[in-house]
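Have a look at the structure below before the remarks.
Protein chains: 2
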Amino acid sequence: MSQRDRRLEVSEAAWRVIVREGLDRTSMRAIAQELGCTTGVVTHYFRDKQELILFALNQVTQSLLKAMQAQRAQELGVERLLNMVSAFLPQDVERQAVLKVWLAFLGYAVGRDSLMAEHQQSAAQLREVIMQELQALQSVKLIRDDVDLELEANALLALANGVSLDFLIQAKHLSPEQQQQVIRRYVDELLSIHTSYL
Amino acid sequence: MSQRDRRLEVSEAAWRVIVREGLDRTSMRAIAQELGCTTGVVTHYFRDKQELILFALNQVTQSLLKAMQAQRAQELGVERLLNMVSAFLPQDVERQAVLKVWLAFLGYAVGRDSLMAEHQQSAAQLREVIMQELQALQSVKLIRDDVDLELEANALLALANGVSLDFLIQAKHLSPEQQQQVIRRYVDELLSIHTSYL
DNA sequence: TTTTTAGCATAACAAGTGTTATGAGGTTTT
DNA sequence: AAAACCTCATAACACTTGTTATGCTAAAAA
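If you read the protein sequences in the order shown, they are chains A and X.
Everything in the first sequence is counted per numbering that gives the first Met the number 0, starting at 0 for the first residue and increasing by one.
Everything in the second sequence is counted per numbering that gives the first Met the number 0, starting at 0 for the first residue and increasing by one.
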């Protein structure tokens, strides 16, 4: 087992504790116990807790980015954009766990401007990918030329984030199908096919 | 000064610390120092920290609910719904502070199912108010009869939450005008005026 | 006026925190 | 085979945490 894999094991143990117990109860000792060893392992692979947290945060955002990028294999079009945005909706237990970790981090980042800025950087990457997608759709005339793509990218991500949050904060939350439906409707609205006769 | 006001003072001091330092660094001592007194005050008005946190959480959600309800003074219509939803967008520093406290609580509630359930109850209230508004609009034929109002209420709140979050997690976030614009466009879509010829 | 209570400061408590040093045992390198 | 190193357990460190008990002062009630 490589050194890199061991770091991942620690990070994933941290995930599990965060999802189950919450970020503030995720102590070094709790992570070690989850992994079935002592804190020696944790301190060996991470200089301090801050580094561990940032690493785990990166794991979260990178996993979301990858899931989204994987959808770009399909041919350009509405479905591709839809699938890209849907890639990080909480439609199964894994992504629901990711969502919880993500939210825990966001809450933790409140009042910690440097940490929030770190996350903003990842969010900017995500926004960039979506923007490129929108630009591609605009260049093939699927989106009208007068549409503000920066605004649309933000709005689309906002909707996706809101739909994700809905899963955690609403008791009667949207089903996976409804999540997709809400996103789909919004994406459809973006297309000149539907808006050309406005 | 009444006993009730004193509790509010403590709670508001807690808010300020949370926004500035983060929830996990909001200790009893920090709150007391923010208020300019000792922990004796805090422990006198709140049995334990849990009670203080739940009280402050309630203050957050109630303030949002009130701000929204205040908009119902206007006459029924698109503008009223729009203003109700916009009432808790982070369009000024006060509401931006409320947003931070809210997010801190959400992150804190991850892994604490009872606390999350508590928040879901408040969220359900909010959803109910929006649903009533949608029903009113439907009854005056501003929304088509075949529209699923439960789904729409969730979707609308999801969009609003997402737009709010966008303010914190996106460096290039939406301006107050853009926030409103995004909501407005979505609300417009709900109206039969725009969807009748689909 | 006496007594009771509310409001608050102070201090101490046990528990849990991140961090660090030390060292043992195994693996790789030289 | 010897030296260097990686992996990890153990233990101790200085702090911070929420909570509780004690007591003082001023206001209210008797």
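Ideal placement from N, C-alpha and C gives every residue a C-beta, glycine not left out.
In this text the structure is predicted, and so the values were computed from the model without any measurement.
What Asn82/X touches in chain A, judged by beta-carbon distance under 8 Å, is nothing: the nearest beta carbon there is about 19 Å away. One Cα belongs to Leu125/X, the other to Val84/X, and the distance between them is close to 10 Å. At a cut-off of 9 Å between beta carbons, Glu20/A contacts chain X.
Proximity of the region 106–113 of chain A to the region 15–30 of chain X meets the contact definition, three or more beta-carbon pairs being nearer than 8 Å. The C-beta of Tyr107/A comes closer than 9 Å to at least one C-beta of chain X. Taking 8 Å as the upper bound for CB-CB distance, Trp14/A and Ala96/A are in contact here, some 7 Å apart. Residues of the region 144–155 of chain A with a Cβ closer than 7 Å to any Cβ of chain X, in chain order: Leu150, Asn153, Ala154. Buried is the label assigned to His118/X, since at least 16 other Cβ atoms lie within 10 Å of its Cβ. Against Gln177/X, the close residues of chain A are Leu150, in the order they occur along the chain (beta-carbon pairs closer than 7 Å). Rounded to whole angstroms, Ser1/X and Leu7/X show a C-alpha spacing of 10 Å. Contact with chain X is found for Asp23/A, since one of that chain's Cβ atoms lies less than 9 Å from the residue's Cβ. Along the region 66–91 of chain X, the alpha helix (DSSP H) occurs as fully enclosed runs of 4 or more residues at 77–85, listed in sequence order.
For the pair Thr38/X and Met115/X, the Cα-to-Cα distance works out to about 27 Å. Within the region 112–172 of chain X, the runs of alpha helix (DSSP H) that reach at least 4 residues and sit entirely inside it are, in chain order, 112–138, 148–168. Against chain A, the CB of Val162/X has a partner CB under 9 Å away; the residue lies at that interface. Around the beta-carbon of Val92/A, fewer than 16 other beta-carbon atoms lie within 10 Å, marking it exposed. At least 9 Å separates the CB of Lys48/X from every CB of chain A. Leu136/A and Ile30/A have their C-alpha atoms roughly 45 Å apart.
Rounded to whole angstroms, the separation of the alpha carbons of Leu190/A and Val77/A is 8 Å.
Apart from the 5 residues on each side of it in sequence, Asn82/A sits with its Cβ closer than 6 Å to the Cβ of Gln70 in its chain, given in chain order. For Arg24/X, no alpha helix (DSSP H) segment is defined, and its DSSP state is neither H nor E. Using a CB distance cut-off of 9 Å, Gly110/X counts as an interface residue toward chain A. At a C-beta separation below 8 Å, Gln169/X has these neighbours in chain A: Gln119, Ala122, Ala123, Arg126, Asn153, Leu156. For Val109/X, the three-state secondary structure derived from DSSP is coil.
Taking 9 Å as the cut-off, the beta carbon of Leu173/A is found no closer than this to the beta carbon of Gly161/X. When the Cα atoms are used, Ile142/A and Val41/A turn out to be separated by approximately 50 Å. At a cut-off of 9 Å between C-beta atoms, Tyr185/X counts as an interface residue with respect to chain A. The Cβ atoms of Leu56/X and Leu102/X lie no closer than 9 Å to each other. The C-beta of Lys99/X comes closer than 9 Å to at least one C-beta of chain A.
Secondary structure of Asp47/A (DSSP, three-state): coil. Interface residue (Cβ-Cβ distance to chain X less than 9 Å): Asp91/A is not classified as such. Between Leu34/A and Val59/A, the C-beta spacing is not below 9 Å. Using a CB distance cut-off of 9 Å, Leu51/A does not count as an interface residue toward chain X. The beta carbons of Ala123/A and Lys140/X sit no closer together than 9 Å.
Around the beta carbon of Ala152/A, 16 or more other beta carbons sit within 10 angstroms, so the residue counts as buried. In the three-state reduction of the DSSP assignment, Thr37/X falls in the coil class, being assigned neither a helical nor a strand state.
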